[in-house]
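Numbering (our numbering), first residue to last: 28 to 398. Below is one structure; the comments refer to it alone.
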């Protein structure tokens, strides 16, 4: 039997990487079952999704898509025109490819695919990675055949969808089964040394970078080791600012093995993107979340709250970090071994180890007409 899927997810790696992971999980599932599977993507030309999808070895059909502004403006006319053109392209692809279903993981590039699928009565599957769904997914979820959620308890948000399944967010295999002591041994950190690790994503986060430099420079932390993944964009700015870097702070533009640092750190500090949160849970890290304050609908605060509300992490708003309120939080955590241990345990409870299986099972059940 041959199963076919069209997948879309664009704009950010937080949308694209889950789309690629789902595609890979479907490919593995059907091939292991003795079936065949064909997967193609839609996305914008000269975009991040076109780059990452191409690297992953999948074909892509380019469609027009532009974000709809929150208020009426000329951009609204441009967005409507792009949606119309994109829908025509997606419709032609659906007519030729004849998919069993279309899958979207977020980003406005999904809109023309969803619209075309509805026109051709092809099942629409949405994977919503955040605790607070994006605008497009909330709207599209009203007519979706299946909504897969990265966080629990979103059934009310997608009450009009035919079916909602909590699957968790897919993460890389390296994020599982990491041991604190083994990770520290790999990093060359002895038992008596405290390690604070921070990263702000591929581009970096100025608030986190500035805090790490300030904290490491304080006399009371001279014996604490700090490691910072500064990010590409913020790394160049650090060089331009020529800030004095404390000797106990190691700065790397990119972290190749974040699983080892997250597992071996006494405290880690990150933003609160959906994938980052899933990785923190998979590791079972003692993490302080500093949500990106300009994320759409402040969804990162909702993501982090899922951890802070269950004592599985600590949430400190970006603005409070800038006013110095993260410093006492770090001091308290370093002094409280039992609290750090409990945060690790509770974070681990939020992990969904069989996420890939849940996703492919729900999709397979849908296209085979199972309950």
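The beta carbon of each residue, even a glycine, is placed where N, CA and C say it ideally should be. This one's a predicted model, so the numbers in the text were calculated from it and none came from an experiment.
Skipping 5 residues on each side, what residues in its chain have a beta carbon closer than 6 Å to that of residue i?
{"i": "residue 95", "result": "106"}
{"i": "residue 305", "result": "196 and 198"}
{"i": "residue 42", "result": "36, 132, 133 and 134"}
{"i": "residue 289", "result": "295, 310 and 312"}
{"i": "residue 6", "result": "For residue 6 there is no data in the structure shown, the boundaries of the chain being 28 and 398."}
{"i": "residue 56", "result": "387"}
Hey, how far is the Cα of residue i from the Cα of residue j?
{"i": "residue 317", "j": "residue 334", "result": "12 Å"}
{"i": "residue 83", "j": "residue 364", "result": "42 Å"}
{"i": "residue 240", "j": "residue 357", "result": "14 Å"}
{"i": "residue 347", "j": "residue 127", "result": "48 Å"}
{"i": "residue 443", "j": "residue 87", "result": "The structure shown has nothing for residue 443, since the chain only spans 28 to 398."}
{"i": "residue 68", "j": "residue 374", "result": "33 Å"}
{"i": "residue 332", "j": "residue 119", "result": "42 Å"}
{"i": "residue 232", "j": "residue 63", "result": "43 Å"}
{"i": "residue 315", "j": "residue 212", "result": "23 Å"}
{"i": "residue 149", "j": "residue 253", "result": "51 Å"}
{"i": "residue 112", "j": "residue 38", "result": "19 Å"}
{"i": "residue 222", "j": "residue 293", "result": "5 Å"}
{"i": "residue 336", "j": "residue 166", "result": "27 Å"}
{"i": "residue 378", "j": "residue 40", "result": "20 Å"}
Classify residue i as buried or exposed, calling it buried when 16 or more other Cβ atoms lie within 10 Å of its own Cβ.
{"i": "residue 295", "result": "buried"}
{"i": "residue 108", "result": "exposed"}
{"i": "residue 66", "result": "buried"}
{"i": "residue 327", "result": "buried"}
{"i": "residue 384", "result": "exposed"}
{"i": "residue 215", "result": "exposed"}
{"i": "residue 352", "result": "exposed"}
{"i": "residue 281", "result": "exposed"}
{"i": "residue 291", "result": "buried"}
{"i": "residue 303", "result": "buried"}
{"i": "residue 187", "result": "exposed"}
{"i": "residue 183", "result": "exposed"}
{"i": "residue 381", "result": "exposed"}
{"i": "residue 48", "result": "buried"}
{"i": "residue 322", "result": "buried"}
{"i": "residue 29", "result": "exposed"}
Which one of the options has the shortest CA to CA distance from residue i?
{"i": "residue 123", "options": "31, 253 and 329", "result": "31"}
{"i": "residue 279", "options": "288, 224, 255 and 289", "result": "255"}
{"i": "residue 178", "options": "54, 307, 172 and 157", "result": "157"}
{"i": "residue 110", "options": "90, 323, 121 and 98", "result": "90"}
{"i": "residue 386", "options": "359, 28, 194 and 201", "result": "194"}
{"i": "residue 329", "options": "301, 308 and 345", "result": "301"}
{"i": "residue 339", "options": "160, 130 and 367", "result": "367"}
{"i": "residue 92", "options": "78, 343, 80 and 115", "result": "115"}
Beta-carbon within less than 7 Å of residue i's beta-carbon, same chain only, minus the 5 sequence neighbours each way: which residues are those?
{"i": "residue 235", "result": "225, 227, 296 and 317"}
{"i": "residue 58", "result": "64"}
{"i": "residue 270", "result": "240"}
Measuring only between beta-carbons, confirm whether residue i sits less than 8 Å from chain B.
{"i": "residue 199", "result": "No chain B appears in the structure shown, which is made up of a single protein chain."}
Give me, in chain order, the residues of the same chain whose beta-carbon lies closer than 8 Å to that of residue i; leave out the 5 immediate sequence neighbours on both sides.
{"i": "residue 72", "result": "89"}
{"i": "residue 250", "result": "220, 221 and 275"}
Quiz item: Where are the alpha helix (DSSP H) runs, 4 residues long or more, that stay fully inside the stretch 65-133, in chain order?
Solution: Entirely contained in the stretch 65-133, the alpha helix (DSSP H) runs reaching 4 residues are, in chain order, 75-82 and 101-124.
Exercise. May I have a chain-ordered list of the alpha helix (DSSP H) segments no shorter than 4 residues that lie completely inside the stretch 273-319?
Key: 285-291 and 301-310
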